[in-house]
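Residue numbers (this note's numbering), protein chains in the order written: chain X, 1 to 530; chain F, 531 to 825; chain E, 826 to 1245. Below is one structure, written out as structure tokens; comments come after it.
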């Protein structure tokens, strides 16, 4: 690429960047939010058009409307009559008078009104300006220089411009969220009595924004009849900012394709993680709520208004640590046993020729085809014969047996995919079959073994059905069965249930993180190659 | 693939012995008992009586909800296994790239799998509540919807939600199966292919897929079995309501056994399910293994 | 590897030997259902719910020579646990459940007279005991009871300008008025037709229409005209939008939550509702009334009582000593000193006379409930087909919710149950 072309391209991209930002600013000055406020509502049940109650209510509503008009508001009075004949042939009716007002606001009218979203808006605008500044300064003097010849300073400035734009893109949904929370949801929180402190200040701010502070005392009533509508135009801000971002990236990088791919990769990973974590977020906020914080059942708050740490100590007192230990023992033992029996079997299947190989594989896989729910009677009989009822050992054996198919199939797959040359070499060097297995194959098959290990552990950890039948005393209960004590005939104690299950998830995740290294080690594939 | 070094005839069987013993005693024995029970008279309290031939099977096949439940089971298994295999495969491909935070992303993906299914189903139950569910709340707060949506407006929709939770908990399993397969692929293969000018798709088709296939086969076979036998999701979310219209086979036979107290037909049904699974998994395995041998 | 395995086998065998070594005292296997958050702590060994101790330890201290192997099982799993035990021939000695009739055809239960003293027997509410009389013998004893009533949110009804409905027609009017007033944001009426509670809904509406599970001779009469009309009425309420939107999957817990937060105006619930609402932090102004009935029919109170029963065990040599031990358990459990604590802890109603005085003293509102209890109708739990009927009526309701014809469904159920 020749320099004049670079200069032209950089200028073009600069234009794109600024165009995107100008589009955003135009969008922000359009009237994007409309508010329908019922400034006054009068409902009257069992009232008929023309009767005393009706006249009185109508007069009240008209009077209220006059008052508002006197203050300079443009309001309308609506009347709604609902008449019905009830089962006894009597007519009942409900008359509703509303005095309503509608008006719209653009983004800039939020600034300076002290609402939480106005701070976000200021940040957003600031970031947009910054990114232009960074881009311009980053471009100065290097307008005709390829990216690889850029000075350190210019490179940093261009990076900053991109970062500022990314932040700005993220702030748009935050802004929308804040507004919705401020107007409709915060208000229901207030109505529910959950915002007690700073009520005056809160109302004054709302009043200042909506009515330039004219509503005064009655703002609380007005807000309860407020509906907020934002047009879909609001979401257009993200694409317009995205245009700027593309401009900024191509000024920095020169080639846009790989950057976009990279961005898409991160975006995908983030989406997957967010979706995965979402139920855990729900668990977390439920786990630390008080049982009495019932109105938070509505999830009005993104997080508990008060974190109840005593929920944790409560479940500790109700035996959860003991249950966790039991589970750890059972799952750990079952995993070890399943591996001890599974690795030799998988090895034989992968490396030796003998009759009945397929029959064995079929036999093992067949053992998985009944749900434990169905097998309970048989298992229980077996355990009675072995005197293993109500013991953790029994549970361990069952879990190990139920996971054999899993372990063997996975391990066999891994062993088959590894060439047997190294083992043969080892055996020629004088190692026995056992030596070849333990010294050569197992280290090489580490990722597969780790996967199988995690699988078996998690399965045993989550086993529930058999444990309910087998374990009858509290001190032998694994965590899955222990959790059920929080849901009973009278009520379900969600906060304890979820706190306990969060605790139950942690050990598995820790285990996973400690051995994940082996999974990612990429195997000693070099060894195979060599 | 014998190494052919001084092996006696019985040695392989010795290696298989511990595993065979464990499986036979603790799994196959209870299975035989189920077979025996399916031909016996069982009272509503569970007392086992004498041999009654195929009566239980006849009764099971004549149950009014049998057809609905079989169709549900088919949908349940197909949708969960296929969608989670595809999703899991894509996620594994992405997680196999090198990027910042890869370890964290992988650890997060273990979560759904490490949580017991009962809890997982309860949480989703909680999330999609109409009156005060978290999903409605988040969407309302983001201004994406204007009014709360009844996420469980009909049993068909509820069934789709159950499938979604099934997929949600199955994806990690597939992902890690595929990941462990991907790990063992030699990087040099890709390098060579790139040198030859192969694009993304052709590398996927000619290198990744064939090498990941064994892992994918294992995960698919096991998934078919586990998803078919999965119990807590449907049981926690709907208990098959209304009137078995969201039941899958395994929850149906549980309801049959412990709620309607028809234990005989329930046991017969479980054997029927077993036979269906054997046939499906058997056909799948045979076709895959034949190909494997050809390689 | 092989060595390890054989080592393991040895270990298992050794363990078996150890566990089977001691067996001298009489050991009773007891299964108790989990009623509330305190049940485990009150009953199980190691718990502190019963005056700092627990039932098992107190019982064993008071009755040397008898060991309790007591297990608290959640309602969700209890049938599975019990049935598996029975199928294996090791049924529990004492079982706490909501029904007993399914165990009768197999002759699994012991007659009550074998394990209750005359004094204790006379202490049970006679009306309760009547339901446990099958073929001239009593087969179970009542454990505790609860009564159902209509709970309503006083403020909501007042604002909407309606009175508490006493008839079905009034209920529809009131519902419409509430819908109108709150633009549908408050559900007027709660219906629970879920798989666990469908039989309750059946009872509420059919008993309020002069129908019911059985006719006056005690024979199943599930498809009577009164029943068809009642279920059609209930389904009509749902279809008119007067109720919570998903009655087939919204459990009583969901209804309670909605009621506690003012989202639901009226619901039928057990006498524990006030406690529940308080626990959930609900600050609503509520009151109770009797269930609305159809025009010209009398309103029936609905009661639920759970049972304790003892299983036969022919393998025991000394039957007399075993009966003695079970009797000791019953006497200890129903001793007012222990029983009052248990019943009041989970807010249930008692089943024995001796507990009434202490309970009323502790909580005067109990008296009203005891009066309600005296007029309550109960499910026909003594009939052997009860388990199927209970599930059958739920299925009928759920089918009706998806548009099936109520009469055809009930006809089919009746035919299936009575076998013609």
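Glycine included, C-beta positions come from ideal geometry on N, C-alpha and C. This structure is a prediction, so every number in the text was calculated from the model and none was measured.
Practice prompt. Might you give, ordered along the chain, the residues of its own chain that have their beta carbon closer than 6 Å to the beta carbon of residue 1073(E), omitting 5 neighbours on each side?
Written response: Working through the third chain from its first residue, we reach residue 1073(E) at position 248. Cβ within range, chain order: 1018, 1223, 1226.
Worksheet item: Whole-angstrom Cβ separation of residue 30(X) and residue 106(X), contact assumed at under 8 Å?
Response: Taking the first residue of the first chain as 1, we reach residue 30(X) at position 30. Taking the first residue of the first chain as 1, we reach residue 106(X) at position 106. At roughly 6 Å, the Cβ-Cβ gap stays under 8 Å, so residue 30(X) and residue 106(X) are in contact.
Fill in: For residue 1334(E), the three-state DSSP class (helix, strand or coil)
Residue 1334(E) is absent from the structure shown; chain E starts at 826 and stops at 1245.
Worksheet item: From the beta carbon of residue 588(F), is the nearest beta carbon of chain E less than 8 Å away?
Response: Here residue 588(F) refers to the residue found at position 58 when the second chain is read from its first residue. For residue 588(F), the answer is no, since every Cβ of chain E falls outside 8 Å of its Cβ.
Worksheet entry | CB contact below 8 Å: residue 764(F) versus chain E | As a working note, residue 764(F) is residue 234 in the second chain. Closer than 8 Å: no.
Worksheet item: If we cut at 8 Å on Cβ distances, does residue 1155(E) have a partner in chain F?
Response: The residue labelled residue 1155(E) in the question sits at position 330 within the third chain. No, its Cβ sits nowhere closer than 8 Å to a Cβ of chain F.
Worksheet entry | residue 88(X): contacting residues in chain E (beta-carbon distance under 9 Å) | As a working mapping, residue 88(X) is identified with position 88 in the first chain. Per Cβ cutoff of 9 Å: 994, 995, 998.
Worksheet item: Quick one: is residue 129(X) buried, meaning 16 or more other Cβ sit within 10 Å of its Cβ, or exposed?
Response: Translated into the one-based positions of the first chain, residue 129(X) becomes position 129. With fewer than 16 other Cβ atoms within 10 Å, it is exposed.
Worksheet item: Assuming residue 570(F) and residue 579(F) make a contact with CB atoms under 8 Å, what is their CB distance in whole Å?
Response: What you label residue 570(F) is simply residue 40 of the second chain in a count that begins at 1. What you label residue 579(F) is simply residue 49 of the second chain in a count that begins at 1. Contact check for residue 570(F) and residue 579(F): beta-carbon distance about 6 Å, within the 8 Å limit, so the pair qualifies.
Worksheet item: Going along chain C in order, which residues have a C-beta closer than 7 Å to the C-beta of residue 577(F)?
Response: No chain C is present in this structure, whose protein chains are X, F and E.
Worksheet entry | Unbroken alpha helix (DSSP H) run spanning residue 67(X), endpoints | Here residue 67(X) refers to the residue found at position 67 when the first chain is read from its first residue. It spans 52-70 - the alpha helix (DSSP H) in which residue 67(X) sits, taken as one unbroken run.
Discussion item. Please classify residue 70(X) as buried or exposed, where buried requires at least 16 other C-beta atoms within 10 Å of its C-beta.
Written reply: As a working note, residue 70(X) is residue 70 in the first chain. The residue in question, residue 70(X), is exposed, as its Cβ has fewer than 16 Cβ neighbours within 10 Å.
Item to complete: Check residue 211(X) in the structure and name its three-state DSSP category.
Response: As a first step, residue 211(X) is located in the first chain; it is residue number 211 there, counting from the start. Three-state result, residue 211(X): helix.
Discussion item. For chain F, check one thing: does any of its Cβ atoms lie closer than 8 Å to the Cβ of residue 515(X)?
Written reply: Taking the first chain and counting its residues from 1, the one referred to as residue 515(X) is at position 515. Not one chain F Cβ lies under 8 Å of residue 515(X).
Discussion item. Is it buried or exposed, residue 56(X), if we count other Cβ atoms within 10 angstroms and call 16 or more buried?
Written reply: One-based indexing of the first chain puts residue 56(X) at position 56. With fewer than 16 Cβ atoms within 10 Å of its Cβ, residue 56(X) is classed as exposed.
Worksheet item: For residue 78(X), does the count of other Cβ atoms within 10 angstroms reach 16, so buried, or fall short, so exposed?
Response: Numbered from its first residue, the first chain carries residue 78(X) at position 78. Residue 78(X) should be labelled exposed.
Worksheet item: Would you say residue 458(X) reaches chain F, if we count a Cβ-Cβ gap shorter than 8 Å as a contact?
Response: Here residue 458(X) is taken as the residue at index 458 of the first chain, counted from 1. Using beta-carbon distances, residue 458(X) counts as an interface residue toward chain F, with a partner under 8 Å.
Practice prompt. Note down the Cα distance separating residue 1206(E) from residue 664(F), rounded to an integer number of angstroms.
Written response: Within the third chain, residue 1206(E) is the residue found at index 381, counting from 1. Within the second chain, residue 664(F) is the residue found at index 134, counting from 1. Going by the C-alpha atoms only, they are around 40 Å apart.
Discussion item. Going by DSSP, what residue range makes up the alpha helix (DSSP H) through residue 1158(E)?
Written reply: Numbered from 1 along the third chain, position 333 holds the residue referred to as residue 1158(E). Segment 1144-1159, the alpha helix (DSSP H) holding residue 1158(E).
Worksheet item: residue 905(E) touches chain X at which residues, Cβ-Cβ below 9 Å?
Response: Within the third chain, the letter at position 80 stands for residue 905(E). Chain X residues near residue 905(E): 373, 376, 465, 468, 469.
Worksheet item: Under the three-state reduction of DSSP, which class applies to residue 904(E): helix, strand or coil?
Response: Taking the third chain and counting its residues from 1, one reaches residue 904(E) at position 79. Here residue 904(E) sits in helix by DSSP.
Worksheet item: Hey, quick one: how far does the beta strand (DSSP E) through residue 1091(E) stretch, first residue to last?
Response: Position 266 of the third chain, counted from the first residue, corresponds to residue 1091(E). Note, residue 1091(E): beta strand (DSSP E), 1089-1095.
Discussion item. Check for me: the alpha helix (DSSP H) holding residue 729(F) runs from which residue to which?
Written reply: The residue you call residue 729(F) lines up with position 199 of the second chain. Segment: none, residue 729(F) is in no alpha helix (DSSP H) and carries neither H nor E.
Fill in: Classification of residue 1098(E) by the beta-carbon crowding that lies within 10 angstroms, buried from 16 upward
The sequence position of residue 1098(E) within the third chain is 273, counting from 1. Residue 1098(E) comes out buried.
Item to complete: Measure the alpha-carbon distance for residue 796(F) versus residue 401(X) and round it to whole angstroms.
Response: Here the question's residue 796(F) lines up with position 266 in the second chain. Here the question's residue 401(X) lines up with position 401 in the first chain. Looking at the two C-alpha atoms, the distance is approximately 25 Å.
Discussion item. Are the CB atoms of residue 491(X) and residue 1078(E) within a distance shorter than 8 Å?
Written reply: In the third chain, residue 1078(E) corresponds to position 253, counting from 1. In the first chain, residue 491(X) corresponds to position 491, counting from 1. It is a contact, given that the beta carbons lie within the stated cut-off.
Worksheet item: For residue 858(E), which beta-bridge partners are listed by DSSP?
Response: On the third chain, position 33 is the one that residue 858(E) refers to. According to DSSP, which records beta bridges pairwise, residue 858(E) is partnered with 898(E).
Worksheet item: Should residue 630(F) be labelled buried (16 or more other beta-carbon atoms within 10 Å of its own) or exposed?
Response: For the purposes of this step, residue 630(F) is identified with residue 100 of the second chain, where counting begins at 1. Its Cβ having fewer than 16 others within 10 Å, residue 630(F) is exposed.
Worksheet item: Cα separation between residue 771(F) and residue 682(F)?
Response: In the second chain, counting from the first residue as 1, residue 771(F) sits at position 241. In the second chain, counting from the first residue as 1, residue 682(F) sits at position 152. Between residue 771(F) and residue 682(F), the C-alpha separation is close to 12 Å.
Worksheet item: Which of the three DSSP states, helix, strand or coil, is assigned to residue 230(X)?
Response: Taking the first residue of the first chain as 1, we reach residue 230(X) at position 230. Three-state result, residue 230(X): strand.
Item to complete: Inspect the beta-carbon positions of residue 247(X) and residue 16(X) and report whether they are closer than 8 Å.
Response: Locating residue 247(X) in the first chain gives position 247, counting from the first residue. Locating residue 16(X) in the first chain gives position 16, counting from the first residue. The answer is yes: Cβ separation under 8 Å.
Worksheet entry | For residue 809(F), the three-state DSSP class (helix, strand or coil) | Taking the first residue of the second chain as 1, we reach residue 809(F) at position 279. Note: residue 809(F) maps to helix in three-state DSSP.
Worksheet item: DSSP on residue 1195(E), reduced to helix/strand/coil?
Response: Walking along the third chain from the start, residue 1195(E) turns up at place 370. Here residue 1195(E) sits in helix by DSSP.
Practice prompt. Would you identify the three-state DSSP class for residue 1044(E), choosing helix, strand or coil?
Written response: Position 219 of the third chain holds residue 1044(E). Residue 1044(E) falls in the coil class under three-state DSSP.
Discussion item. So, at 8 Å on beta carbons, what are the nonlocal neighbours of residue 1183(E) in its own chain, with the 5 sequence-adjacent residues on each side left out?
Written reply: As a first step, residue 1183(E) is located in the third chain; it is residue number 358 there, counting from the start. Result list for residue 1183(E): 1161, 1165, in chain order.
Item to complete: Throw me the rounded Cβ distance for the residue 404(X) and residue 549(F) pair, which I believe falls under 8 Å.
Response: Position 404 of the first chain, counted from the first residue, corresponds to residue 404(X). Position 19 of the second chain, counted from the first residue, corresponds to residue 549(F). With a contact defined as Cβ atoms closer than 8 Å, residue 404(X) and residue 549(F) qualify at about 6 Å.
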